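This report concerns only the one structure given below.
2 protein chains.
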Amino acid sequence: MKNESITSRDTDFAKWYTDVVRAAKLADYTSVKGCIAIEPNGYAIWERIQSILDKKFKEMGHVNVQMPMLIPEHLFNQEKELIEGFAPELVWATEVGDRKLEDRYAIRSTSETVFCDYYKKHLTSYRDLPKLYNQWCNVFRYEKETRPFLRSREFLWQEGHTVHATAEEAEWETKRMMDVYMWFNHEILAIPSISGKKTEKEKFAGAEYTITCEDLMYNGVCLQDGTSHYFGQKFSKAYDVKFTNKDNKDEYAYYTTWGKTTRMIAAIIMVHADDYGLVLPPRIAPKQVVIIPIGKDNTEVNNLCCEFNKKLNDNNVVSYIDNSEKNPGFKFAEAEVNGIPIRIEIGARDLVNGTVTVARRDTREKINIKKDELTVEYITNLLETIQKDMYNKALERQNKLTFEAHNLTDMEKILNTQPGFIHAMWCGDESCELKIKEIKGCKSRCIVEDGKKIDDKCVCCGKEAKYHVVWGIQY
Amino acid sequence: MKNESITSRDTDFAKWYTDVVRAAKLADYTSVKGCIAIEPNGYAIWERIQSILDKKFKEMGHVNVQMPMLIPEHLFNQEKELIEGFAPELVWATEVGDRKLEDRYAIRSTSETVFCDYYKKHLTSYRDLPKLYNQWCNVFRYEKETRPFLRSREFLWQEGHTVHATAEEAEWETKRMMDVYMWFNHEILAIPSISGKKTEKEKFAGAEYTITCEDLMYNGVCLQDGTSHYFGQKFSKAYDVKFTNKDNKDEYAYYTTWGKTTRMIAAIIMVHADDYGLVLPPRIAPKQVVIIPIGKDNTEVNNLCCEFNKKLNDNNVVSYIDNSEKNPGFKFAEAEVNGIPIRIEIGARDLVNGTVTVARRDTREKINIKKDELTVEYITNLLETIQKDMYNKALERQNKLTFEAHNLTDMEKILNTQPGFIHAMWCGDESCELKIKEIKGCKSRCIVEDGKKIDDKCVCCGKEAKYHVVWGIQY
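Top to bottom, those sequences are chains X and Z.
The working numbering numbers the first residue of the first sequence as 24 and each following residue consecutively.
The working numbering numbers the first residue of the second sequence as 24 and each following residue consecutively.
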């Protein structure tokens with residue numbers, strides 16, 4: 024049953040996206056311009072993301088802290104590159120009650136400044152290092168055009184800020200955190216992201232380099248979905264973050280930051296959802312199974328629902344019985360639009376024949392099985408199958424939308440027909456990046472690490488190519 | 024071994040408090056005036072608080088959401104009493120980049136306005152009710168005098184915002200959430216809090232009434248540590264939050280809010296900590312047991328440490344081995360200042376005699392037991408004993424610091440000698456509250472529900488008494 028409130032994905036992708044956000048009750052617009060209310064269904068996904076990532080961070084030795092959200096102007100100004108990068112988007116608090124504040128305070132758009140200021144005070148010896156701090160919080164960036172989850176003025180994220188005694192260790196941290204992000208996207212979100220370094224032009228303001236995690240949406244548009252930055256000693260010099268090294272000499276600390284945001288929820292939607300609503304990969308779904316009894320007040324039906332629900336919960340499958348007053352058709356549609364991976368329909372009539380129905384959300388396939396076949400193992404296996412199938416489906420589409428360009432004509436043709444990940448060689452000059460950007464705003468996504476040489480020459484200027492780069496149109 | 028960095032509690036309580044905060048590495052001051060950095064040890068306590076309370080809220084049917092932190096001025100102005108209560112403490116964002124914003128935005132100090140604005144849009148029928156929403160977030164209040172955790176300009180909290188179809192149900196919600204707070208303080212934090220309604224003067228701006236949870240600190244000063252507000256239809260009228268009731272008529276929704284904050288960490292310190300540092304009740308301690316091996320590289324010692332640590336962790340006791348480079352004396356002191364409930368010392372020499380040492384943080388008692396007596400059951404029992412003993416110790420002190428006053432002379436005498444919870448009858452007139460406040464700023468804490476009549480006359484004016492009230496000096 025097609026959900027009437029959802030525009031078809033192939034007719035108007037942008038409208039389809041916001042329709043799904045609303046129909047699945049993930050978020051809504053508010054009276055605060057550019058800011059959303061994250062509703063229970065949306066926040067529950069964020070809680071799943073938090074719990075899985077946070078556990079991983081802690082296993083790796085990270086600890087959580089909480090730094091102030093207001094940043095005095097003088098602190099921000101210490102790092103010029105950062106303030107230049109963020110200046111136009113910074114919102115300033117200037118008044119309290121009915122009077123002026125002495126200092127202007129920026130509402131945090133990122134927290135490098137306050138973390139460095141903290142570390143400056145708290146590092147003495149190499150024995151204090153590394154410090155592996157992370158915080159879960161809200162940040163604010165005054166974006167002009169906003170879209171729920173995708174680009175909201177206020178959003179939620181985690182920001183890791185670590186300091187190390189050596190460059191090697193800090194670079195290793197930068198890399199291993201990107202590995203965590205890639206693991207999370209591949210294994211948990213079923214999104215076949217790619218990763219690599221950003222070009223100089225696209226890296227984070229003030230970083231030595233940035234490694235990025237890039238997803239490809241259903242419509243061939245790219246989404247930056249997590250970054251890990253290596254700062255070397257740049258910030259620690261600007262903020263005077265020093266320690267005494269093993270040779271008893273003062274040395275500036277080596278600094279990294281890495282973050283992933285509520286934007287992940289946008290990625291889940293734009294990779295997996297369909298015209299019937301949200302489709303959640305089982306490993307991230309707050310509710311994995313819904314059991315719907317059909318035929319009112321049938322003892323056998325109710326008992327089976329309760330017993331099986333309990334069995335699933337006892338085995339760490341998050342399931343629930345929908346025994347609300349609505350009719351079964353309405354319940355099916357609701358489970359579907361909310362993206363619940365498996366729906367079990369247990370009906371009085373079917374039980375006479377000894378069967379029950381299991382419906383997969385991803386394929387919308389209805390499977391009739393014998394009552395005795397409905398076991399915890401059957402469901403856990405099916406959840407794993409769905410997880411894998413969703414990844415493979417996304418990967419297959421991504422492969423179809425991955426192209427090679429050998430000259431600007433190729434590039435234009437691809438971007439005008441069907442955008443995607445476009446592999447092309449690049450000389451390394453920013454002028455070529457700018458020229459390519461003229462084609463529908465296409466940007467470098469990331470440099471392919473150890474990428475095979477697909478040409479000798481730059482796709483743009485024809486000079487000697489230095490890098491194998493993935494290009495694309497971005498959100 | 025007395026921690027040299029901690030002032031004695033009986034010499035200078037205020038200095039002792041901040042010394043403990045710093046020595047236990049719970050939080051530190053920052054370059055952002057009045058705002059603290061919550062450090063790993065402090066944030067870990069907050070994570071324990073969050074996980075226990077959040078689980079309880081969810082079991083009761085609450086769901087989490089996230090609303091914007093910036094509130095447009097016009098929205099705030101809709102509820103006059105609220106803005107009047109908060110106006111002097113509100114910080115306003117007025118600029119973006121280098122230009123003025125069209126609207127002024129208040130940084131949330133509480134979120135009644137945005138929740139009501141949301142509910143206005145989302146309620147239609149009584150079938151939508153109740154909505155039991157909660158959010159975990161940061162809030163900002165421009166306090167003049169600040170103290171880590173106790174009163175910080177920015178702090179973390181949970182704020183529940185629920186709407187109901189009937190007054191009865193909303194009043195029940197107001198009450199049951201205070202019951203949860205009381206359960207949490209008594210059972211988890213080992214704090215024998217009292218609760219009751221606030222007087223009209225002390226209630227939350229705009230509420231019909233406020234129920235409060237009040238703790239008594241070691242020095243006899245009171246601390247408000249959680250409130251639950253019943254708003255009736257006041258806010259829903261101001262914000263036009265309507266629904267169609269069972270009789271198919273428009274009705275304003277009945278509204279409640281309730282919150283508990285990082286101030287709880289201040290309460291834990293000021294009720295339980297001592298001159299040696301923090302003392303954590305086992306149920307809230309992020310780390311419950313530390314195992315310290317003594318005598319380097321002794322295989323028997325190391326094996327026993329590892330085996331027993333594993334056994335504890337397998338049985339849901341959070342323990343760890345401190346096998347850092349420091350000497351044992353330093354490790355003992357560190358475990359002590361950090362308030363870890365149980366320290367197990369396993370030494371080569373003691374093992375020759377077949378004994379190990381178990382040290383309780385609360386009593387600082389060292390118990391020598393036979394190696395075979397060191398079982399998981401022994402430790403879990405001891406943790407429960409410590410939890411109960413800490414509660415009883417706090418209760419005993421609270422009882423000693425609970426007084427009765429029958430006239431203003433009594434009241435003055437108590438407040439000048441040793442403040443505490445002062446029970447006294449009150450006529451209900453604000454003028455008497457104000458007169459009592461002249462004595463060292465003493466305020467009504469709460470009205471004792473079904474409190475026995477300890478006098479016929481008001482403690483202040485001598486007129487007929489209406490309420491049995493607890494009074495005290497507050498933080």
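Cβ atoms here follow ideal geometry from the backbone N, Cα and C, with glycine treated the same way.
Model, not experiment: these values are computed from the prediction.
Closest by CA to residue i, which one among the options?
i	options	result
S132 (chain X)	X:Y142, X:C139 and X:L179	X:L179
Y277 (chain Z)	Z:V186, Z:E435 and Z:E357	Z:V186
A67 (chain X)	Z:R45, Z:W159 and Z:A213	Z:W159
E435 (chain Z)	Z:T189, Z:K423 and Z:I462	Z:I462
I217 (chain Z)	Z:F227, Z:M240 and Z:E357	Z:M240
H295 (chain Z)	Z:S28, Z:N26, Z:E27 and Z:R32	Z:R32
F426 (chain X)	X:D337, X:Y414, X:Q441 and X:D412	X:Q441
V264 (chain Z)	Z:D298, Z:A188 and Z:F227	Z:A188
N208 (chain Z)	Z:H491, Z:S28, Z:L457 and Z:M413	Z:M413
A261 (chain X)	X:R45, X:D478, X:L98 and X:K38	X:L98
Q410 (chain Z)	Z:E274, Z:L335, Z:D395 and Z:R383	Z:R383
I496 (chain X)	X:F109, X:A488 and X:I459	X:I459
P86 (chain Z)	Z:N439, Z:Y156 and Z:T30	Here the sequence assigns Val to residue 86 (chain Z), which means Pro is not the residue at that position. Here the closest residue by C-alpha is Z:Y156.
A428 (chain Z)	Z:N242, Z:E359, Z:H491 and Z:L105	Z:H491
C15 (chain Z)	Z:K272, Z:A290, Z:E274 and Z:T233	Residue 15 (chain Z) lies beyond the residue range present for chain Z, which begins at 24 and ends at 498; the question has no answer from this structure.
G219 (chain Z)	Z:D238, Z:G362 and Z:G229	Z:D238
I470 (chain Z)	Z:N26, Z:D140, Z:C236 and Z:D42	Z:C236
Give me the Cα-Cα distance between residue i and residue j, rounded to the nearest whole angstrom.
i	j	result
H252 (chain Z)	F353 (chain Z)	47 Å
T250 (chain Z)	M92 (chain X)	25 Å
S259 (chain X)	T267 (chain X)	14 Å
E107 (chain X)	E231 (chain X)	16 Å
G474 (chain X)	R468 (chain X)	14 Å
V302 (chain Z)	I365 (chain Z)	10 Å
R150 (chain Z)	E357 (chain Z)	56 Å
S454 (chain X)	W494 (chain X)	15 Å
A447 (chain X)	D373 (chain X)	57 Å
G451 (chain X)	C484 (chain X)	10 Å
W281 (chain Z)	N100 (chain X)	39 Å
T386 (chain X)	I317 (chain X)	22 Å
V119 (chain Z)	Y142 (chain Z)	29 Å
G84 (chain Z)	K78 (chain Z)	10 Å
A488 (chain Z)	K480 (chain Z)	5 Å
Less than 8 Å between CB atoms is the rule here; does residue i satisfy it with respect to chain Z?
i	result
N87 (chain X)	yes
P153 (chain X)	no
E177 (chain X)	yes
E70 (chain X)	yes
P95 (chain X)	yes
A289 (chain X)	no
I130 (chain X)	yes
So with Cβ pairs under 8 Å, would you call residue i a contact of chain X?
i	result
E62 (chain Z)	yes
T185 (chain Z)	no
M90 (chain Z)	yes
V119 (chain Z)	yes
W281 (chain Z)	no
N415 (chain Z)	no
By Cβ distance, which residues of its chain are closer than 6 Å to residue i, with the 5 residues on each side in sequence left out?
i	result
T279 (chain Z)	T185, A193, E196, T197 and Y253
P215 (chain Z)	A417, L418 and Q421
I367 (chain X)	I314 and V381
T284 (chain X)	F178 and W180
P171 (chain X)	V44, A50 and I59
Leaving aside the five residues before and after residue i along the sequence, list all residues of the same chain whose C-beta is less than 7 Å from its C-beta, in chain order.
i	result
N430 (chain Z)	V482
M287 (chain Z)	I72, L212 and D248
Closer than 8 Å by C-beta to residue i: which residues in its own chain qualify, once you throw out the five before and the five after it? Chain order, please.
i	result
K349 (chain Z)	E357
L146 (chain Z)	L152, K154, V186, V264, K265, F266 and A276
Every unbroken beta strand (DSSP E) within the segment 97 to 150 of chain Z, with a cutoff of 3 residues, ordered by chain: 114 to 119 and 122 to 130
Completely contained alpha helix (DSSP H) runs for the segment 266 to 349 of chain Z, where each covers 4 or more residues: 286 to 295 and 322 to 337
Contiguous beta strand (DSSP E) assignments of at least 3 residues, all confined to the segment 406 to 466 of chain X: 425 to 427 and 444 to 449
Whole alpha helix (DSSP H) elements within the segment 219 to 272 of chain Z, 4-residue minimum: Here the runs fully enclosed are 257 to 262.
Every unbroken beta strand (DSSP E) inside the segment 145 to 204 of chain X [3 residues or more]: 154 to 163 and 177 to 187
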